[in-house]
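> Going line by line, the protein sequences match chains A and B. Residue numbers 22 to 233, in the numbering used here, belong to the letters of the first sequence in order. Residue numbers 22 to 233, in the numbering used here, belong to the letters of the second sequence in order. Positions of the beta carbon are idealized from the N, C-alpha and C atoms, including for glycine.
2 protein chains.
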Amino acid sequence: MPYLKRDAPCPEPLDCRILTAALDLFVENGYHNVSVHEVQKRAQVSIGSIYNHFGGKEGIARALYEHLLNELDELIDGVVATVESPAAQCREIIRQLFAHTETHRNIIAFLFHAKHTEFLRDDTLICEARPFVRIRGIVVDAMKKGELRKTDAWVATSAMFGGAVRMIQLRLDGLLAQPLPDYFEAVIESAWSGVAENTEHHMKTKSRVAKY
Amino acid sequence: MPYLKRDAPCPEPLDCRILTAALDLFVENGYHNVSVHEVQKRAQVSIGSIYNHFGGKEGIARALYEHLLNELDELIDGVVATVESPAAQCREIIRQLFAHTETHRNIIAFLFHAKHTEFLRDDTLICEARPFVRIRGIVVDAMKKGELRKTDAWVATSAMFGGAVRMIQLRLDGLLAQPLPDYFEAVIESAWSGVAENTEHHMKTKSRVAKY
DNA sequence: GTCTATATCCAGATAGAC
DNA sequence: GTCTATCTGGATATAGAC
């Protein structure tokens with residue numbers, strides 16, 4: 022995560038200042054409630070520069086969106102490079118997303134909370150963006166390897182990540198008392214047993230579901 | 022679901038016409054991309070009437086939001102009245118939400134897809150709205166009754182409904198080829214085995230997770 | 001209570017000096 | 001490339017006839 026890294030107060034380059042200011046404002050107030058003037062003011066840059074660099078408000082949002090998707094993609098790169106099995110990769114991705122939500126809140130908020138099609142009209146849906154496609158690929162691999170019960174790819178991915186994403190959103194909304202990592206084991210446990218290949222249990226559960 | 026029922030082309034009352042027009046436009050284009058004039062035009066009403074009835078654009082959104090939350094609440098009423106065990110109530114709620122997504126798409130889209138705090142600034146978060154609180158209550162009851170494995174209420178609710186909500190969003194985004202009810206059994210199966218009380222399997226899974 | 005015509009405001013975008 | 005001052009469109013909201 023090179024560029025938007027927020028550990029230093031506010032790095033040099035002008036377009037980075039603009040993007041970080043925009044990110045914070047967009048997350049705090051929502052894209053449509055933020056004016057270019059506000060971004061300009063917070064970034065300590067003139068309006069002209071913003072239009073020179075990004076061509077306008079939508080340009081800022083698009084640059085930000087692409088940049089953050091790339092960062093997410095790199096996160097996945099890192100996981101894939103260090104973890105062997107697809108199932109463990111899923112687990113590790115969730116772990117890192119949880120950690121990231123605490124340390125880089127607004128990045129995660131922008132990626133997971135906003136409805137990008139409302140301001141990036143012609144853009145592809147976020148679910149079709151590269152990192153999300155890769156995640157589905159990992160889930161499919163796990164099914165092929167027999168680590169996960171075989172089912173529809175969308176169902177499997179939703180089952181594996183749906184609970185975790187929900188928890189991220191709850192944390193972003195300030196509804197969880199503890200930091201996300203504190204819930205990690207419990208979330209993984211639930212997600213995992215929901216998708217794991219385990220025929221005996223599978224059958225047993227099936228009858229129990231029918232019972233109710 | 023009395024008022025906004027869309028089976029008839031467009032019922033009489035003026036404020037209903039306004040709300041249905043607004044619902045469709047808000048879902049199609051997003052709240053901020055819809056002007057009062059567009060609502061006026063589609064609802065075949067004059068601007069004056071809109072301001073008389075709702076006081077403005079935000080008033081429309083607020084009325085709509087409250088109305089649809091009430092409908093959701095009634096859906097839960099229906100489930101609670103006809104189904105006995107809390108666990109089965111969860112299952113039935115998901116079943117009805119899936120069906121509803123197909124038959125009343127925009128109602129579900131407005132409730133599940135939008136970020137209401139971006140236009141209803143002072144409103145409570147949707148997760149804290151009555152129907153969502155009740156759903157968490159049902160999950161907690163299920164845990165108390167021993168139908169679900171005992172864990173944090175947020176984690177349990179996310180695990181139970183996270184996958185289903187994700188599937189609803191995917192369907193709304195046009196990414197699922199089949200109608201949602203076709204995925205119902207698979208989704209329930211995954212959600213259920215993720216939360217079910219089943220110590221033997223619980224232990225077995227735990228060791229498998231650690232393995233990866 | 002419903003409508004049309006109008007006022008007001010403000011955001012996005014530009015022009016042109018430096 | 002950066003800035004300030006300015007323009008313009010369009011949105012919300014209102015005034016006042018009917």
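(1) Measuring only the C-alpha atoms, how far is Pro107(A) from Leu35(A)?
(2) Taking C-alpha atoms, which residue in Leu118(A), Arg170(A), Ala102(A) lies nearest to Pro202(A)?
(3) Is Leu169(A) helix, strand or coil by DSSP?
(4) Under a CB-based cut-off of 8 angstroms, is Leu146(B) close to chain A?
(5) Less than 8 angstroms between C-beta atoms, sequence neighbours within five positions excluded: which residues of the same chain meet that for Ser211(B)?
(6) Determine whether the Cβ of His88(A) lies closer than 8 angstroms to any Cβ atom of chain B.
(7) What is the rounded straight-line gap between the Cα of Leu44(B) and the Cα of Ala102(A)?
(8) With C-beta atoms as the reference, is Met188(A) less than 8 angstroms away from Trp213(B)?
(9) From the DSSP output, in three-state form, read off Gly195(A) for me.
(10) Just mark Lys62(A) as buried or exposed, buried being the case when its beta carbon has 16 or more other beta carbons within 10 Å.
(11) Do the segment 87-104 of chain B and the segment 121-136 of chain B make contact, defined as three or more Cβ pairs closer than 8 angstroms?
(12) Does Thr122(A) come within less than 8 angstroms of chain B when only Cβ atoms are used?
(13) Check the Cβ-Cβ distances between Lys78(B) and every residue of chain A, and say whether any is below 8 angstroms.
(14) State yes or no: is the C-beta of Asn54(B) within less than 8 angstroms of the C-beta of Glu49(A)?
(15) Residues in the segment 185-214 of chain B with C-beta within 8 angstroms of chain A's C-beta atoms, listed in sequence order?
(16) When you compare the CB positions of Val57(A) and Ala42(A), do they come within less than 8 angstroms of one another, or not?
(17) Relative to chain A, which residues along the segment 170-186 of chain B have a C-beta separation below 9 angstroms, given in chain order?
(18) Between Arg71(A) and Ile114(A), which are expected to be in contact by the criterion C-beta below 8 angstroms, what is the C-beta distance as a whole number of angstroms?
(19) Determine the chain B residues that contact Asn54(A) at a beta-carbon separation under 9 angstroms, and present them in chain order.
(20) Distance, Cα to Cα, His121(A) vs Leu191(A)?
(21) Between His134(B) and chain A, is the shortest Cβ-Cβ distance under 8 angstroms, so that the two count as touching?
(22) With a floor of 4 residues, list each alpha helix (DSSP H) that falls wholly inside the segment 72-114 of chain A, ordered by position along the chain.
(23) Is DSSP giving Ala120(A) helix, strand or coil here?
(24) Do Cys111(B) and Val161(B) come within 8 angstroms of each other at the CB atom, strictly closer than that value?
(25) Buried or exposed, going by whether 16 or more other CB atoms sit within 10 Å of the CB of Ala163(A)?
(26) Do you know offhand how far Gln65(B)'s Cα is from Ala82(A)'s?
(27) State the start and end residues of the unbroken alpha helix (DSSP H) segment that holds Asn50(A).
(28) Less than 8 angstroms between C-beta atoms, sequence neighbours within five positions excluded: which residues of the same chain meet that for Val14(A)?
(29) Could you give the distance in angstroms between the alpha-carbon of Lys166(B) and the alpha-carbon of Ala207(A)?
(30) Measuring only the C-alpha atoms, how far is Arg142(B) from Gln199(B)?
(31) Is it buried or exposed, Glu168(A), if we count other Cβ atoms within 10 angstroms and call 16 or more buried?
(32) Do Asp194(A) and Leu146(B) have their C-beta atoms closer together than 8 angstroms?
(33) In the structure shown, what three-state DSSP assignment does Ala150(B) receive?
(34) Can you tell me whether Ser179(B) is helix, strand or coil according to DSSP?
(35) Looking only at its own chain, which residues have a Cβ that is under 8 angstroms from the Cβ of Met224(A), when we skip the five neighbours before and after it?
On the basis of the coordinates in this document:
(1) 40 angstroms
(2) Leu118(A)
(3) strand
(4) yes
(5) Gly184
(6) no
(7) 46 angstroms
(8) no
(9) coil
(10) exposed
(11) yes
(12) no
(13) no
(14) no
(15) Ala185, Val186, Arg187, Met188, Leu191, Asp194, Leu196, Leu197, Tyr204, Ala207, Val208, Ile209, Glu210, Ser211, Ala212, Trp213, Ser214
(16) no
(17) Arg170, Thr172, Asp173, Trp175, Val176, Ala177, Thr178, Ser179, Ala180, Met181, Phe182, Gly183, Gly184, Ala185, Val186
(18) With the sequence shown as reference, residue 71(A) is identified as Ile, and Arg is not the correct amino acid for it. Not confirmed; about 34 angstroms, so no contact.
(19) His53, Glu139, Phe140, Arg142
(20) 15 angstroms
(21) yes
(22) 78-103
(23) helix
(24) no
(25) buried
(26) 35 angstroms
(27) 35-50
(28) Limits of chain A in this structure are 22 at one end and 233 at the other, which puts residue 14(A) out of reach.
(29) 20 angstroms
(30) 36 angstroms
(31) buried
(32) yes
(33) coil
(34) helix
(35) Residue placement at Met224(A) is flagged as unreliable, the pLDDT there being 43, under the threshold of 50; a coordinate-derived value is accordingly withheld.
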